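Participant: Take this structure first; my questions come after.
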Amino acid sequence: EQDFGRSLPLATLFQAPTIEQLAVILQQEQGVPTLSPLVPIQTQGNQPPIFCVHPAGGTVFCYLELSQLLGANQPFYGLQSLGQQEGQAPLTTVEEMANVYLAAIREVQPQGPYLLMGWSFGGMVALQMAHDLLSQGEQVAFLGLLDTYAPAHMPDEQVLSEDVEVLLELFGGPLSLDWEVLRDLPSEQQSALIWEQAHQANLVPPDLGAAQIERLLQLMKLNHKAMRSYSPPDYPDVITLLHAEAGSVAVSSTEVTTDPTLGWQAISPSKVEVHTIPGYHEYMVYQPTVVIVAETIKADIEKGLNTDVETSSK
């Protein structure tokens, strides 16, 4: 941002990680940054692309390693929150996000079978997108929820603040944090500890401005509000749920649900396939947990695509 004298969309960093590549893209855009929620993370391969929705923090940087582990033949697109750029209005409901994101993914893939997934809050949006596609006569070969709770089963007792949660989404996975120490600190000290370790690990871009950080925090709060107010529709097809066995560091252990489907069986009776993944919610897309997550997703996508072919041939 210092070099170009303007605020850059986070998605642009995926397309052009060097100064030279950024200059070319900005010249092509004639100074107008993209407003699309679609972020091309891995565009090569002949498999149907995976479209993976952002968690509550709004960004999709967290999916980089997952996309790599899924292989060079698997295209992978992230869907980021609108509202990260100055002057860009955020979306405020799950249904609104699903509608806008579907329009974006159809620019890449006009017809199914579709592969949709999302971590945490992103799973809710992916489910709404899958529901809308099915209602329009499209095929959804895979719907993956990465430790996503149904709204009615979300725990109420939070031991970490929303500001701390967004920092964990941005930086928490790669950091060596002592969760017990973090949980016992006041929220201001929690944030300070994460920022300190993120800077020491060179995870924070040196020119990440205060205004952009504030936009991310406000986005997360809006996404949390959308999450709490969402009423998911009945879903007639298979839901694949990857559940973090250790729960979440942000939630008191007394608040953990005993329902292995995390509440989703209520909208998809007998059609929730549950995979229990060792580790915490916060590490679902980071090492070492992400290796197991990627292997599980690959197997379920292959099964879903094969089932889709068999159904189409009948």
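Residue numbers (this note's numbering): 744 to 1057. Every residue gets a Cβ at the ideal spot worked out from N, C-alpha and C, and that includes glycine. These numbers were taken from a predicted model, which means no experiment stands behind them.
#1: Buried or exposed for residue 832, going by 16 or more other Cβ atoms inside 10 Å?
#2: List the endpoints of the continuous alpha helix (DSSP H) containing residue 811.
#3: Using DSSP's beta-bridge definition, name the partner residues of residue 936.
#4: Given this structure, state the Cα-to-Cα distance separating residue 888 from residue 935, to the nearest angstrom.
#5: Grouping DSSP H, G and I as helix and E and B as strand, with all else coil, what is residue 1019?
#6: For residue 816, count neighbouring C-beta atoms within 10 Å of its own C-beta (all shown protein chains included) and say buried if the count is 16 or more, exposed if not.
#7: Run the CB neighbour count on residue 1069, radius 10 Å, all protein chains shown included, and call it buried at 16 or more, exposed below.
#8: Check whether the segment 1033-1047 and the segment 865-872 are in contact - that is, three or more C-beta pairs closer than 8 Å.
#9: Throw me the rounded Cβ distance for the residue 1028 and residue 808 pair, which I believe falls under 8 Å.
#10: So the alpha helix (DSSP H) residue 837 belongs to, where does it begin and stop?
#11: Please specify which runs of the beta strand (DSSP E), each continuous and at least 3 residues long, are wholly inside the segment 783-834, giving them in chain order.
#12: How would you call residue 1001, buried or exposed, if buried means at least 16 neighbouring beta carbons within 10 angstroms?
#13: Only counting the same chain, and skipping five residues up and downstream in sequence, which positions put a Cβ closer than 6 Å to that of residue 848?
#14: Determine the direct distance from the alpha carbon of residue 820 to that of residue 784, and round the result to whole angstroms.
#15: Within its chain, find whatever has a CB closer than 8 Å to the CB of residue 875; leave out the 5 residues flanking it on each side and keep chain order.
#16: Looking at C-alpha atoms only, which residue of 886, 799, 801, 1007 is the closest neighbour of residue 1045?
#17: Tell me the rounded alpha-carbon separation between residue 1040 and residue 879.
Facilitator: Result, derived from the coordinates:
#1: Exposed, since its Cβ has fewer than 16 Cβ neighbours within 10 Å.
#2: Per DSSP, residue 811 belongs to the alpha helix (DSSP H) from 807-812.
#3: In DSSP, residue 936 forms no bridge with anything.
#4: Whole-angstrom Cα-Cα distance: 31 Å.
#5: Strand.
#6: The residue in question, residue 816, is exposed, as its Cβ has fewer than 16 Cβ neighbours within 10 Å.
#7: Residue 1069 lies beyond the range of the chain shown here (744 to 1057); nothing can be said about it.
#8: No, the segment 1033-1047 is not in contact with the segment 865-872.
#9: Their Cβ separation, rounded to whole angstroms, is 7 Å, which keeps residue 1028 and residue 808 in contact under 8 Å.
#10: For residue 837, the uninterrupted alpha helix (DSSP H) segment begins and ends at 837-848.
#11: If we require 3 residues or more, the beta strand (DSSP E) runs fully inside the segment 783-834 come out as 793-796, 819-822.
#12: By the neighbour-count definition (other C-beta atoms within 10 Å, threshold 16), residue 1001 is an exposed residue.
#13: Closer than 6 Å at the Cβ level, and outside the excluded window around residue 848, lie 794.
#14: Whole-angstrom Cα-Cα distance: 5 Å.
#15: Taken in chain order, the residues that qualify are 841, 842, 845.
#16: Closest by C-alpha distance to residue 1045, out of 886, 799, 801, 1007, is 886.
#17: Distance between the alpha carbons of residue 1040 and residue 879 is about 25 Å.
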